[in-house]
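Counting from 486, one number per residue, gives the positions in the sequence shown under our numbering. Some notes on the structure that comes next.
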Amino acid sequence: MRVLGIETSCDETGVALYDGDRGLLAHALFSQIEMHQAYGGVVPELASRDHVRRTLPLINNVLAEAGMTHTDLDGIAYTAGPGLIGALLVGAGVAQGLAFGLGIPAVGVHHMEAHLLAPMLEPDPPSFPFLALLVSGGHSLLVDVAGLGRYTVLGESLDDAAGEAFDKAAKLLGLGYPGGPAIERLAAGGTPGRFRFPRPMTDRPGLDFSFSGLKTYTATTVRAHAGEPAAAPDIALAFSEAVVDTFVIKCRRALKQSGRRTLIVAGGVSANRMLRSALDALGRECGARVCYPAPQFCTDNGAMVAYAGYLRLAAGDRADEAFAVRPRWSLAELVAPGAGAQDLR
Ligand code: KG4
Ligand code: ZN
């Protein structure tokens, strides 16, 4: 079964072709980052319009790269949510239109399920069950994953998502959008130990996160050291350490509580090298295997959507409503394949 995946939930147009026997055949991405940079964040209407421009040419590129045509496709997967409604509707419209024209099934994929499955595109993929730390621009979730569509959310951010916290801290430090990679570069030159930021919600039981206080702490520190450019890398480092340490403490707790022996880490923030090396050390400490997607598949991409869609279509799931999208959609509402179509209303 060959499945075309289309990702348009935010500011990246991603398209990929996944083959059940041969794996990922081709993928292409157009990032709108440059267009949104002037505004310091994603402008939803500009994002939708750019997805309209990019999606069909990217599909043609991916098919050409794989040496195939539309008639070689067996199904089409699109990100149905969560995300920006206009942006989601572009992917849904293209996917449903193509699938209808070609007489093949379409399936709406949950964006965070796609992130969660991305480490399975790597060689020697992890197998169910496992724990998942999903850290993106819109979500920070700790999830127990018993199987495809069998998710129990153990903890989540009560306010800002981790990526959002990176983006806001970057803005305070006068860095560009997206903030995560910019903070990571700046922190590499920081002096360890100069500042120590709080580790939010780690001194009480539970697996939820909160990052808005860290943003306030960063703002106060930046203000206190205004006019001292040399302090910026130290602040970026202290901020990163606080976020990383918070995730290490919560993942240690979750591994111990659940007894799971595999931790997968996915979403844009999982590209962060400081986070990866700290979680690798945690894996050694707890005797757990820690798996990540390839860096290019940490942030939004079509490959993860094609793969998640392939698994869902192969198990019999179908989108039952044309153009159905869900801008707000909890991972906890998903069901295992075959248990009925995902509720997109
Ligand atoms: O998964 P993603 O591409 O989009 C969403 O689903 O939200 O995540 C984007 C987020 C942004 O907030 C970005 O700043 C963050 O991931 N990010 C990083 C790094 N690369 C991207 N955060 C920390 N370190 C990085 N290297
Ligand atoms: Zn994402």
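Even glycine gets a Cβ: it sits at the ideal position worked out from N, Cα and C.
- A residue is listed when its beta-carbon falls short of 7 Å from at least one non-hydrogen atom of the ligand ZN; in chain order these are Ser494, Cys495, His596, His600, Ser621, Gly622, Gly623, Gly752, Gly753, Thr784, Asp785.
- For Glu492, the secondary structure class from DSSP, reduced to helix, strand or coil, is strand.
- Counting only runs of at least 4 residues, the stretch 651 to 721 fully encloses the following alpha helix (DSSP H) elements, listed from N- to C-terminal order: 664 to 672, 697 to 709.
- For His596 and Ala655, the gap between their C-alpha atoms comes out near 25 Å.
- Within 8 Å of the C-beta of Leu514 there is not a single heavy atom belonging to the ligand KG4.
- Ranked by how close their Cα comes to the Cα of Ser516, the residues Leu509, Leu543, Leu510, Gly490 have Leu543 in first place.
- In terms of CA proximity to Val775, Thr747 leads the group Gly753, Thr747, Leu798.
- In the pairwise beta carbon analysis, the stretch 507 to 526 is classified as touching the stretch 657 to 671: at least three pairs are separated by under 8 Å.
- With respect to Gly588, Gly794 sits apart: the two C-beta atoms are not nearer than 9 Å.
- Remark: C-beta atoms of Ile749 and Leu510 do not approach each other more closely than 9 Å.
- Using a Cβ-Cβ distance cut-off of 8 Å, the stretch 618 to 633 and the stretch 803 to 822 are in contact, since at least three pairs of beta carbons, one from each stretch, lie closer than that value.
- Cα atoms of Pro604 and Gly712: separation of roughly 43 Å, rounded to the nearest angstrom.
- Around the beta carbon of Phe585, fewer than 16 other beta carbons lie within 10 angstroms, which makes this residue exposed.
- The C-beta separation of Ser494 from Leu573 comes to about 6 Å, placing the pair in contact by the 8 Å criterion.
- Beta-carbon to beta-carbon, Arg758 and Phe615 are separated by about 22 Å, too far to satisfy the 8 Å threshold.
- Distance check between Gln742 and each of Leu531, Val592, Thr784, Gly691 places Gly691 closest, using alpha-carbon atoms only.
- By the Cβ neighbour-count rule, Met686 is buried, with 16 or more other Cβ atoms within 10 Å of its own.
- At a threshold of 8 Å, Pro666 counts as near the ligand KG4, since its beta carbon sits closer than that to one of the ligand's heavy atoms.
- DSSP places Glu497 in the strand class (E or B) of the three-state scheme.
- With a threshold of 8 Å, the Cβ atom of Asn545 does not count as near the ligand KG4, since no heavy atom of the ligand is closer than that.
- Rounded to the nearest angstrom, the Cβ distance from Val790 to Tyr636 is 17 Å, too far for a contact under 8 Å.
- When the five nearest sequence neighbours on each side are left out, the beta carbons in the same chain lying within less than 7 Å of the beta carbon of Pro780 are those of Ala756, in order along the chain.
- In terms of Cβ geometry, Val547 and Gly787 form a close pair [threshold 9 Å].
- The Cβ atoms of Leu764 and Val728 do not sit closer than 9 Å to each other.
- For the ligand KG4, no non-hydrogen atom lies closer than 8 Å to the CB of Arg738.
- The C-alpha of Val579 is placed about 25 Å away from the C-alpha of Gly753.
- Separation of the CB atoms of Ser725 and Ala672 is rounded to 5 Å, and the pair is thereby assigned contact status at 8 Å.
- Taking C-beta atoms under 8 Å as the contact rule, Arg797 and Val594 qualify, at a distance of about 7 Å.
- Residue nearest to Leu767 within the set Cys783, His521, Arg737 is Arg737 (criterion: CA-CA distance).
- In this structure Pro778 does not touch Gly568 by the C-beta definition: roughly 19 Å separates them, more than the 8 Å allowed.
- In this structure, the straight-line span from the alpha carbon of Gly566 to that of His521 is close to 21 Å.
- Using a 10 angstroms sphere on the CB of Pro718, the tally of other CB atoms reaches 16 or more, which defines it as buried.
- The three-state secondary structure of His624, taken from DSSP, is coil.
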